[in-house]
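Shown next, in structure tokens, is the structure this report addresses.
Numbering (the numbering used here), first residue to last: 1000 to 1418.
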């Protein structure tokens, strides 16, 4: 439906912003274009729509847009700009009806078909109720719906949106994305520039990542939205997760540690799993401690995060009980640390050896901090053995912490005493 072949475009200074971009948009696609500021996202949209002159080919249903009139393009492709402003007090109906301009003959009034198309566009965007309101009286989210309605009134085959959710509150962002999703489900092909990676992942079927005017990657969300691609394009470390409710990917940023590595305050081993250790490992790392972890099963959330942070880990095979070899490696790692933190993890027969490791840590003279946000009885799947071991750890001198912040305070104060 839309095909770009080695497209270059830029502005009057002769500098090319887009440098040889090629991709296809097929009928029914919902494609998101993402990338850092200045990478050429909006410039690309202007090149696709013919607003900017471009080198290479932009083919709309097989025809080069250079060979098409503005009206011909507008009947097939509608643009929702990043910013829409008018100094005139047009009503919502008047704004939406402007979308019929490609179909109006000079000095001719709207036909019944034009009126029907305008009303249908307003109905599909839930703006008919604002028909007689002035556009400048509406909220940002309501006004954005009107601009989309104007584009829909063109009866295009492709809808192109340039950051339609920027500067909107989260509720309006979601409303706009849900609206565009519904339009796509009804058969409209969508190409959208979007700055929010999580919104893009939640709604788009496919992502194109730009970097320095070039396509870094292009494909389905699962293959394109990776920590490596985000690092290459945006220059930031992220963790990529999957929402357990929707199955969609989402990202969280990984702030850089605030302390240089040559100012290590001490060494801490974290016994964790199932994601319970992630905030502890990050927090301690940010405080300036050299962190290790184990035993963790490969594919466990904490194991994946530790790998991302460059944290040394004693690993076990996925979905396997802790072996004697892994247990011994864990003890060897504990020998070299100052503190051991036992996270608020469920304990079963498969990982009970981690509690034995905590006992050995106390015998070695290590300070053991037990995070108990949830009583051990509620996390004990060993018939009471785990609860007995935890109580024994307390009798031997382990320190109790009520939350992650408490862990950091205890470690911090004890580190100062040691120094």
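Think of the CB as a built atom: it goes at the ideal place given N, C-alpha and C, for glycine as much as any other residue.
Inset, instruction - Using the Cα positions of residue 1058 and residue 1231, report the straight-line distance between them to the nearest angstrom. - result: 30 Å
Inset, instruction - Can you tell me which of 1117, 1397 and 1360 puts its alpha carbon nearest to the alpha carbon of residue 1097? - result: A check of alpha carbon separations from residue 1097 across 1117, 1397 and 1360 identifies 1117 as the nearest.
Inset, instruction - Give me the Cα-Cα distance between residue 1207 and residue 1169, rounded to the nearest whole angstrom. - result: Straight-line spacing of the CA atoms in residue 1207 and residue 1169 works out to 23 Å.
Legend entry - Whether residue 1179 touches residue 1145 by CB criterion (7 Å): no
Legend entry - CA-to-CA distance, residue 1141 to residue 1215, given in whole angstroms: 35 Å
Inset, instruction - Quick one: using the 10 Å Cβ neighbour count with 16 as the cut-off for buried, is residue 1010 buried or exposed? - result: exposed
Legend entry - Residue burial classification, residue 1155 (beta-carbon count within 10 angstroms, cutoff 16): buried
Inset, instruction - Provide the residue(s) that pair with residue 1219 in DSSP beta bridges, ordered along the chain. - result: 1205
Legend entry - Residues of its chain near residue 1016, where Cβ-Cβ distance is below 6 Å and the 5 sequence neighbours each way are ignored: Excluding sequence neighbours, residue 1016 sits near 1009, 1039, 1042 and 1212.
Inset, instruction - State the start and end residues of the unbroken beta strand (DSSP E) segment that holds residue 1311. - result: 1311-1315
Inset, instruction - From the DSSP output, read off the bridge partner residues of residue 1339. - result: 1268 and 1367
Inset, instruction - Count the C-beta pairs between the stretch 1071-1079 and the stretch 1269-1277 that are closer than 8 Å, then say yes if the count reaches three, no if not. - result: Judged by Cβ distances under 8 Å, the stretch 1071-1079 makes no contact with the stretch 1269-1277, as fewer than three pairs qualify.
Legend entry - For residue 1377 and residue 1182, the rounded distance between their alpha carbons: 47 Å
Legend entry - Extent of the continuous alpha helix (DSSP H) run through residue 1170: 1169-1184
Legend entry - Helix, strand or coil at residue 1393 according to DSSP, with G and I counted as helix: helix
Inset, instruction - Would you check if there are 3 or more beta carbon pairs closer than 8 Å linking the stretch 1312-1328 to the stretch 1280-1299? - result: Short answer: they touch.
Inset, instruction - Run the CB neighbour count on residue 1128, radius 10 Å, all protein chains shown included, and call it buried at 16 or more, exposed below. - result: exposed
Inset, instruction - Hey, could you find the ends of the beta strand (DSSP E) residue 1251 is sitting in? - result: 1248-1252
Inset, instruction - Starting from residue 1042, trace the alpha helix (DSSP H) both ways and give me its first and last residue. - result: 1040-1048
Legend entry - Residue closest to residue 1286, alpha-carbon to alpha-carbon, out of 1266, 1223, 1294 and 1305: 1266
Inset, instruction - Kindly indicate which three-state DSSP category residue 1067 falls into: helix, strand or coil? - result: Looking at residue 1067 - three-state DSSP - the assignment turns out to be coil, as it is neither helix nor strand.
Inset, instruction - Locate the alpha helix (DSSP H) running through residue 1105, then write down its first and last residues. - result: Here residue 1105 belongs to no alpha helix (DSSP H), and DSSP marks it neither H nor E.
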